[in-house]
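**Student:** Just passing along the structure, written as structure tokens.
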Amino acid sequence: MAVCPFCIAFSVIWAVFRRISFAWIGQDILGIALIITVLQIVRLPNLKVGTILLSCAFLYDIFWVFVSKLWFKESVMIVVARGDKSGEDGIPMLLKIPRMFDPWGGYSVIGFGDIILPGLVVAFSHRYDWLTNKSFKTGYFVWAMTAYGLGLLVTYVALNLMDGHGQPALLYIVPFILGTLLTLAKKRRDLRLLWTIGEPERLCPHVQLRPSQ
Numbered sequence: 676m677a678v679c680p681f682c683i684a685f686s687v688i689w690a691v692f693r694r695i696s697f698a699w700i701g702q703d704i705l706g707i708a709l710i711i712t713v714l715q716i717v718r719l720p721n722l723k724v725g726t727i728l729l730s731c732a733f734l735y736d737i738f739w740v741f742v743s744k745l746w747f748k749e750s751v752m753i754v755v756a757r758g759d760k761s762g763e764d765g766i767p768m769l770l771k772i773p774r775m776f777d778p779w780g781g782y783s784v785i786g787f788g789d790i791i792l793p794g795l796v797v798a799f800s801h802r803y804d805w806l807t808n809k810s811f812k813t814g815y816f817v818w819a820m821t822a823y824g825l826g827l828l829v830t831y832v833a834l835n836l837m838d839g840h841g842q843p844a845l846l847y848i849v850p851f852i853l854g855t856l857l858t859l860a861k862k863r864r865d866l867r868l869l870w871t872i873g874e875p876e877r878l879c880p881h882v883q884l885r886p887s888q
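The working numbering numbers the first residue of the sequence shown as 676 and each following residue consecutively.
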């Protein structure tokens, strides 16, 4: 509660000065705070829910970036994100950073959904590793993070290959994350637990010693 007035003041200041050149810094700070809050509050019960969620988001992203052009003559997702017809810089639901070495300027952007939805699965893998007392080497968290990073890297490669045309990040991120976790879990014979209950049948001693769990 002590930081609440500061947060409100920061948000108001950003809203007032959002048109200045470095307002993207304030937008990113607010966005990162929101993303962290969501990932702390929302928890996936098992990998099955995470798979369904990411699969639906995967199809949703593809439809509104590519398929929507067949009906509306332009990509609805890209138009909304950039705010092309609103006179604004776009909805503040994305992280943005200036392109430092691009002669045409502009921003590199990524939507909150491209971070939060995969992040829920990554956070789930981290929680499972903690409940089972797995190390970084034997757990799933590092693999999930690596898969997300590779998916994001491929997204930006595709963006450059497509001459800057907006790409649905989940098109690349989802297969990397789900493919990695499902394959690894099946190989380690953890798939049934991850898919159904999302936690070990027997809690490790370090968990039982914490009454809050």
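Don't be surprised by glycine CBs; every beta carbon is placed ideally from N, CA and C.
Would you give the residue range spanned by the beta strand (DSSP E) that Ser783 belongs to?
**Tutor:** 782 to 786
**Student:** Considering only DSSP beta bridges, list what Lys771 is partnered with.
**Tutor:** Val784
**Student:** Return yes when the Cβ of Leu866 is within less than 8 Å of the Cβ of Leu857, no when it is not.
**Tutor:** yes
**Student:** By how many angstroms is the C-alpha of Ile711 removed from the C-alpha of Ile688?
**Tutor:** Here the alpha carbon of Ile688 sits roughly 21 Å from the alpha carbon of Ile711.
**Student:** Alpha carbon to alpha carbon, how far is Leu806 from Val796?
**Tutor:** 15 Å
**Student:** Rounded to whole angstroms, what's the CA-CA distance from Ser696 to Arg774? Just pull it up for me.
**Tutor:** 13 Å
**Student:** Here's a check: name, in chain order, each residue in its chain whose Cβ is nearer than 7 Å to the Cβ of Asp736, leaving out the five neighbours to either side.
**Tutor:** Pro843, Leu845, Leu846
**Student:** My guess is that Gly826 and Leu722 are in contact by the Cβ rule of under 8 Å, so how many angstroms apart are they, rounded?
**Tutor:** Rounded, the Cβ-Cβ distance is 17 Å, inconsistent with contact.
**Student:** Identify which residue in Thr830, Arg718, Ser686 has its Cα closest to the Cα of Arg802.
**Tutor:** Arg718
**Student:** Please report the distance separating the alpha-carbon of Thr813 from that of Thr821.
**Tutor:** 14 Å
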